[in-house]
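Going down the list, the sequences are from chains S and L.
My numbering puts the first residue of the first sequence at -17, with every later residue one more than the last.
My numbering puts the first residue of the second sequence at 2, with every later residue one more than the last.
Accompanying notes for the structure given below.
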Amino acid sequence: MRLSCRLSKVDSCGILGNRSRADGPLNWVGTMRRYSAFAIAKEAFRDHTGWARAWGNPEPKRKYDVIIIGAGGHGLATAYYLGKNHGVRNVAILEKGWLGGGNTGRNTTIIRSNYLQDPSAAIYEKARALYEDLSQDLNYNVMFSPRGVMMLAQTEHEIRGYKRTAHANALQGVATEYIGPERVKQLCPIIEVRGPRYPVLGALWQPRGGTARHDAVAWGYARKCSEMGMDVIQKCEVTGIRQVDGKVQGVTTTRGEIDCDKLGIVVAGHSGHVADMAGFRLPVESVALQALVSEPIKPCMDVVVMANTVHGYMSQSDKGEMVIGGGADGFNNFTQRGSFHHIEETVRALIETFPMISRLKMLRQWGGIVDMTGDRSPIISKTPLENCFINCGWGTGGFKAIPGSGWATAELIAKGEPGPLAAEFGLDRFREGRFIDESVAAGVAH
Amino acid sequence: MLILRCPYCGVDCDETELTPGGEAHLTRHGPESSDADFEAYLFQRENPKGVHFERWRHAYGCGKWFHAARHTVTLEVFGTYPAQVLEPPKAIKNAISAKVPGWSWRAFS
Chain S
-17 MRLSCRLSKV DSCGILGNRS RADGPLNWVG TMRRYSAFAI AKEAFRDHTG WARAWGNPEP
43 KRKYDVIIIG AGGHGLATAY YLGKNHGVRN VAILEKGWLG GGNTGRNTTI IRSNYLQDPS
103 AAIYEKARAL YEDLSQDLNY NVMFSPRGVM MLAQTEHEIR GYKRTAHANA LQGVATEYIG
163 PERVKQLCPI IEVRGPRYPV LGALWQPRGG TARHDAVAWG YARKCSEMGM DVIQKCEVTG
223 IRQVDGKVQG VTTTRGEIDC DKLGIVVAGH SGHVADMAGF RLPVESVALQ ALVSEPIKPC
283 MDVVVMANTV HGYMSQSDKG EMVIGGGADG FNNFTQRGSF HHIEETVRAL IETFPMISRL
343 KMLRQWGGIV DMTGDRSPII SKTPLENCFI NCGWGTGGFK AIPGSGWATA ELIAKGEPGP
403 LAAEFGLDRF REGRFIDESV AAGVAH
Chain L
2 MLILRCPYCG VDCDETELTP GGEAHLTRHG PESSDADFEA YLFQRENPKG VHFERWRHAY
62 GCGKWFHAAR HTVTLEVFGT YPAQVLEPPK AIKNAISAKV PGWSWRAFS
């Protein structure tokens, strides 16, 4: 117990250090310690005073090969795979707040890939597969827990929809199955399957779906990016995008002008805002999506349950809190809190499905600003501005996609053309009517 | 909770009484239009971090569509007005200009 407390302290060292200290550029390459049980044991002998900070806190250079705007999960993953897969390491990741402080730290950490459409299944399954050994790859414990995800069918329509998805997943090579209410009850005994208002008629079950520690995903990527010599620059807001003859030259930031050959915009809810600086519009609207957690209780549920008809999904964190996600606001806003009636709606429905949570106290509630596209599928694309690329539109389901999204976006930025994973997610699909329609296929919650 | 006044009934409505309808003042391009115009009408949105004009329907009331001018960061409502207009009335524009310095109608280029 003592050991694990210490560990979590070490984990948060990097971010706290970065927030409070603003020392000059340090050479982080080659100074990175490998995290291991041996290293912990060794450090224990000197009361854990020997741990270095997890990533650097550099001043921006005058010019980079690639600048990524946004140091959330997707931005950092893009930078990481640029370095790892394509050898592009003169990279800066600019973040207006602190690392992973946007939607990466605000989601309900669900990972799954049971999508209907082929392009979605491909990229989400790539992401889920990368999550499997992400801790080893990053040498950072992201606590991936493939505990299984079930999406409840509570109407006849959903039964047909999920059976169809299960068949599609079989063809796509994604391991899912349609299960009946008895199996649902067996996997999650605290569930009330009989209704009456929201009976559980079955579920789409993905045994290798699950959860991960969301902050650790951002921190792990940041640490590796720093190790590769990239500059993760926090508290550096982009205020303008400079261009000459339709080609990107660099960005204006609160910490000065920075030039770049290529620019990646990976800013989720603020995509429209940044695209406006670059001079183009996006088929995106930003709304608040909410989540809340209860007081911690003893382990009672070891799967993730999503109930899309009633706009609610729930899992239990390692600390014992019930993590609950609800619906998105219907109107544009940037408030990061969301409308109260959505919580009421979510909790009302979940109490019927999980009667035992009815007397739980809720500890915290918050919102994240998600960027919704017309077909509820993401955009990984070239833009009207040359050498400027965008990754956005993950809407209510970005966390699960982080590694796959980074992988695909890195390929797009490195080669200038999308690879097979990103090809279908271009901006031109809206003009061509070539939608990847998950709004119908996936219900509400992503 | 967001409270908007329905310009037809004059009732102050809770958000739960209304249905949001997205960005207002879109130009509705029809079948003969170019692909770019049609795409802009169907999908491309201003999505501003600031003043937003939007459509709402008084669903559990008179059932009519109206427009609202609202700030997407502060949620401040500058006013509501009937939907039968091509741009916001002068009173609404003045109310916004008084609160948001430098704001102008259709500033997005």
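Ideal Cβ placement from N, Cα and C applies to all residues, glycine included.
Since the model is a prediction, treat every value here as computed from it, not as a measurement.
- Between K343/S and S276/S, the beta carbon gap of about 7 angstroms places them in contact (Cβ cut-off 8 angstroms).
- The DSSP-derived three-state label of E399/S is coil.
- By a beta-carbon distance limit of 8 angstroms, H324/S does not contact G302/S. Their separation comes to about 25 angstroms.
- Going by C-alpha positions, L274/S is about 28 angstroms away from D419/S.
- Between D243/S and N369/S, the beta carbon gap of about 7 angstroms places them in contact (Cβ cut-off 8 angstroms).
- For chain L, the residues of the stretch 302 to 327 of chain S that bring a beta carbon within less than 7 angstroms of one of its beta carbons are G312, F313, N314, N315, F316, T317, S321, F322, H323, in chain order.
- Within the stretch 364 to 384 of chain S, no residue has a Cβ lying closer than 7 angstroms to any Cβ of chain L.
- Residue contact with chain S for T17/L: present (Cβ-Cβ distance below 7 angstroms to some residue of chain S).
- Under the three-state reduction of DSSP, M259/S is assigned to helix.
- When secondary structure is reduced to three states using DSSP, T137/S falls in the coil class, being assigned neither helix nor strand.
- In chain order, K50, G51 place their CB closer than 8 angstroms to the CB of V74/L, counting only its own chain and leaving out the 5 sequence neighbours on each side.
- Residues are counted here when their Cβ sits less than 7 angstroms from a Cβ of chain S; for the stretch 46 to 70 of chain L these are R46, N48, K50, H53, E55, given in chain order.
- In this structure, DSSP gives N85/S a helical state, which the three-state scheme calls helix.
- Of the candidates T91/S, N123/S, A152/S, Y203/S, N123/S places its Cα closest to the Cα of S18/S.
- Taking the C-beta atoms as reference points, V285/S is found no nearer than 7 angstroms to M125/S.
- Counting along the chain, no beta strand (DSSP E) covers T60/S; the unbroken alpha helix (DSSP H) around it starts and ends at 55 to 68.
- Each of L332/S, V305/S, F262/S was checked against the Cα of H293/S, and the nearest Cα belongs to L332/S.
- Here A270/S is near N315/S, since their CB atoms are less than 7 angstroms apart.
- Note that the C-beta distance between N72/S and Y46/S is below 7 angstroms.
- The beta carbon of V74/L falls within 7 angstroms of a beta carbon belonging to chain S, placing the residue at that interface.
- At least 7 angstroms separates the CB of P102/L from every CB of chain S.
- With fewer than 16 other CB atoms across the displayed protein chains lying within 10 angstroms of its CB, Y61/L is exposed.
- Listed in chain order, the non-local C-beta contacts of A204/S below 6 angstroms within the same chain comprise W37, L58, L81, V214, local neighbours out to five positions each way being set aside.
- In the three-state DSSP reduction, H68/L falls in the strand class (E or B).
- Looking at the DSSP output, M210/S shares a beta bridge with no other residue.
- If you draw a straight line from the Cα of L87/L to the Cα of R416/S, it comes to about 31 angstroms.
- S117/S: member of the alpha helix (DSSP H) spanning 116 to 120, first to last residue.
- 7 angstroms or more divides the Cβ of Y82/L from the Cβ of P21/L.
- Listed in chain order, the non-local C-beta contacts of V249/S below 6 angstroms within the same chain comprise I51, G52, V256, local neighbours out to five positions each way being set aside.
- In chain order, Q136, V175 place their CB closer than 7 angstroms to the CB of P181/S, counting only its own chain and leaving out the 5 sequence neighbours on each side.
- By the rule that beta-carbons nearer than 7 angstroms mark a contact, H255/S touches chain L.
- DSSP, reduced to helix, strand and coil, places G380/S outside both helices and strands of the structure shown, so it counts as coil.
- In the three-state DSSP reduction, G309/S falls in the strand class (E or B).
- Within chain S, the residues placing a beta-carbon under 8 angstroms from that of E40/L are P265, F412, R413, ordered along the chain.
- In the pairwise beta carbon analysis, the stretch 372 to 386 of chain S is classified as touching the stretch 100 to 109 of chain S: at least three pairs are separated by under 8 angstroms.
- Straight across, the Cα-Cα distance linking A194/S with N48/L is about 31 angstroms.
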